């Protein structure tokens, strides 16, 4: 954070929160126009990207243009990586470096939006030195804005500090992943091949769900399996500021002892553990590492580097 | 509806909506007490029912008692079936008959509530002749109340008529289930046996997700797979009033031609299709039947009648 002062960061945070509000209003206005039949088409128009479940709508592009213009005007020296401009580009490399950079998904949950399933949001992150330090996520249909700035805490609707339960933050269960809610995404790779990501993912999800003695000892008996259809970026900043941990979901061969690496932006494979309280037998961080390893034990490696997806 | 006039039904509806507001406020108050550390325990206390992922909390019981008392005072002649009193009882039979009956889940999504995952709600249905005709679902964390009364439409927050997109209601996709969002529940039966419900369910979910040419021709390539951790009852009333269809998820042997039976309360196996618009080639109802059969084709039969679950 060599050339950005805390005061500048505070200003950027305030700007990002307002941007999230304005962009969320644009998403909600677009949703309402469809609800009121005021658009020429009431079925939302979308374009398939890599396959028939990878979509982009006019709303994605309009909101991204709005955010991009606002950032370019206010902070002409900052880099900007937008989900749609990035997706449309030739390179799949996630070109993030140490420079002050905005990472924006204007409509995170495009499939949800096309079905007016309420879990859609605008996701705005600001990164320095390759790591998100400000995050703003506004899900306007649910009246929920999550935001954070490094050192200033993470918040729901600017008033409720995160994590929601804080006095104290509950420790992670001793027998985790049992007692945990497991949120996962089926994703867009639907190829039916034994070594394909879909088959390996679902095998991993089944390990997490099954009774403890099942699946050759890999049963996790989680409290529940949830899928909402959204993903990361600003979420990393908010989760970390709230005390959570995020790393890779791809287990290393020596999953019991390997270092737990910091999250790599653009890796498409994330494992996030909620904020945890300290416990007489282990610190919060130790318990998070324990749950990372218990999860790595149960999941298969995935690859998104092969052609086709 | 022999002995209940439309005027009486209107009154019952208004009473049910207010009940949903009050009970939702109780849920939110309980959530806030935990967020503020004002409860003796900040980890919610819960009791495991049939296994470690089948939970009941003090809030379930408190809210059910509140609703039960309010109904008993206002409508002493009505029957009352509460999720928790029902679960605690000896019989697993779902004792619903033709009498005016309230069917209430005071805290639908107990696992979500214990984790303060916002998808929890109170669910209140009123049934006559064994079928729900009034439904009220209040998800207070999301500021969303869904309600319906037979003949009076289905509503979001009493102002936005359902389905959300109405002018016109979009037709179902010609290649459904492709183009549809598929919502499913992993459920509480986690036994790792080849003929167990979990294995069969996940096999079915994979059929729905896979590329069209995959899974021996059963690939459904749905837009997305979603799991929220809530279930039915008042939802039936609201979905039907909005124009949706709900039937059994268990496919009959002759799934291509069998009658599509009306939903059976307490069956634990539901297949719900969204409201649909008419299309030059088929009516809305025809298209819903088509999607039922396309789904039946891809899913395995499940059994919840065996002991142990």
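Chains as they are written, first to last, in the working numbering: chain A, 9 to 317; chain B, 9 to 317.
Idealized CB from N, CA, C, for every residue including glycine.
Being a predicted model, the structure only gives us computed values, none of them experimental.
- Message: Counting only Cβ-Cβ distances shorter than 9 angstroms, please list the residues of the stretch 21 to 35 of chain B near chain A, keeping chain order.
- Response: Against chain A - using a Cβ distance shorter than 9 angstroms - the stretch 21 to 35 of chain B contributes no residues.
- Task: Within 10 angstroms of the Cβ of residue 264 (chain B), are there 16 or more other Cβ atoms? Answer buried if so, exposed if not.
- Result: Burial call: exposed.
- Item | Opposing strand residues paired with residue 129 (chain B) [DSSP bridges] | B:116
- Task: Quick one: residues in its chain with C-beta nearer than 6 angstroms to the C-beta of residue 133 (chain B), no 5 flanking neighbours on either side, listed in chain order?
- Result: 111, 140, 143, 241, 242 and 245
- Item | N-terminal and C-terminal residue of the beta strand (DSSP E) that residue 254 (chain B) is part of | 253 to 256
- So is residue 194 (chain B) in contact with chain A if we call contact Cβ pairs under 8 angstroms? yes
- Please list the residues of the stretch 264 to 277 of chain B that have a C-beta atom closer than 9 angstroms to any C-beta atom in chain A, keeping them in chain order. none
- Message: Per the DSSP calculation, residue 146 (chain B) is bridged to which residue(s)?
- Response: When DSSP reads this structure, residue 146 (chain B) sits in a beta bridge with B:130 and B:153.
- Query: CA-CA distance, residue 177 (chain B) and residue 284 (chain B)?
  - Reply: Those two C-alpha atoms are separated by around 6 angstroms.
- Message: At the 8 angstroms Cβ level, is residue 235 (chain A) part of the contact set with chain B, yes or no?
- Response: So yes, residue 235 (chain A) belongs to the interface.
- Contacts around residue 277 (chain B), its chain only, beta-carbon distance under 8 angstroms, and the 5 residues preceding and following it disregarded: 256, 257, 258, 310 and 312
- Task: List the residues of chain B that residue 67 (chain A) touches, going by C-beta distances under 8 angstroms, in chain order.
- Result: Near residue 67 (chain A) there are no residues of chain B at all, since even the closest Cβ is about 14 angstroms away, more than 8 angstroms.
- How long is the line joining the alpha carbons of residue 223 (chain B) and residue 212 (chain B), rounded to whole angstroms? 10 angstroms
- Query: In chain B, what lies closer than 8 angstroms to residue 38 (chain A) by C-beta?
  - Reply: Result: empty, since nearest Cβ-Cβ is about 12 angstroms, beyond 8 angstroms.
- Would you report the Cα separation of residue 124 (chain B) and residue 282 (chain A), rounded to the nearest angstrom? 12 angstroms
- Compare the C-beta of residue 186 (chain A) against all C-beta atoms of chain B and say whether one is closer than 8 angstroms. Yes, its Cβ sits closer than 8 angstroms to a Cβ of chain B.
- Message: On the CB-based measure, 16 or more other CB atoms within 10 Å of its CB, does residue 267 (chain A) come out buried or exposed?
- Response: With fewer than 16 Cβ atoms within 10 Å of its Cβ, residue 267 (chain A) is classed as exposed.
- Any chance the stretch 13 to 27 of chain B sits against the stretch 146 to 165 of chain B, with 3 or more Cβ pairs inside 8 angstroms? yes
- Expressed to the nearest angstrom, what Euclidean distance is found between the alpha-carbon atoms of residue 100 (chain B) and residue 166 (chain A)? Note that residue 100 (chain B) scores 46 on pLDDT, short of 50, meaning its location in the model is unreliable and no value can be drawn from it.
- Message: I want to see whether chain C comes within less than 8 angstroms of residue 287 (chain B), judged by CB atoms only; does it?
- Response: Looking at the structure shown, chain C is missing, and the protein chains on hand are A and B.
- Query: Can you tell me whether DSSP reads residue 294 (chain A) as helix, strand or coil?
  - Reply: helix
- Query: Within 10 angstroms of its Cβ, does residue 237 (chain A) collect 16 or more other Cβ (buried), or is it exposed?
  - Reply: buried
- Item | Supposed contact pair residue 146 (chain B) and residue 66 (chain B) - C-beta distance, whole angstroms, cut 8 angstroms | Not confirmed; about 19 angstroms, so no contact.
- Message: Looking at residue 299 (chain A): is its Cβ nearer than 8 angstroms to the Cβ of residue 180 (chain A)?
- Response: yes
- Message: Please confirm whether residue 210 (chain A) has its beta-carbon closer than 8 angstroms to some beta-carbon of chain B.
- Response: True, the Cβ-Cβ gap to chain B drops below 8 angstroms.
- Counting only beta-carbon atoms, is residue 189 (chain B) nearer than 8 angstroms to chain A? For residue 189 (chain B), the answer is yes, since a Cβ of chain A falls inside 8 angstroms of its Cβ.
- Query: Under the rule that 16 or more other beta-carbon atoms within 10 Å means buried, what is residue 98 (chain A), buried or exposed?
  - Reply: Note that residue 98 (chain A) scores 46 on pLDDT, short of 50, meaning its location in the model is unreliable; the coordinates nonetheless yield the value given after this. Answer is exposed; the Cβ neighbour count stays below 16.
- Task: Give me the Cα-Cα distance between residue 206 (chain A) and residue 194 (chain A), rounded to the nearest whole angstrom.
- Result: 7 angstroms
- How is the beta strand (DSSP E) around residue 326 (chain B) delimited, first residue to last? The shown model of chain B, from 9 to 317, leaves out residue 326 (chain B), and the question about it has no answer.
- Query: At a cut-off of 7 angstroms, is residue 195 (chain B) close to the ligand MN when judged by its beta-carbon and the heavy atoms of the ligand?
  - Reply: With respect to the ligand MN, the structure offers nothing, as it holds no ligand at all.
- Message: Are the CB atoms of residue 108 (chain A) and residue 210 (chain A) within a distance shorter than 8 angstroms?
- Response: no
- Quick one: Cα of residue 4 (chain A) to Cα of residue 226 (chain A), how far? Limits of chain A in this structure are 9 at one end and 317 at the other, which puts residue 4 (chain A) out of reach.
- Task: Report all residues from its chain with a CB closer than 7 angstroms to the CB of residue 287 (chain A); omit the five preceding and five following residues, and keep chain order.
- Result: 179 and 295
- Return the bridge partner residues of residue 54 (chain A) from the DSSP annotation. A:65
- Query: What residues of chain A sit near residue 200 (chain B), judged by a beta carbon separation below 7 angstroms?
  - Reply: Residues of chain A passing the Cβ test: 218, 219, 222, 223 and 227.
- Message: Let me see if you follow: with CB-CB separation under 8 angstroms, is residue 146 (chain B) close to chain A or not?
- Response: no
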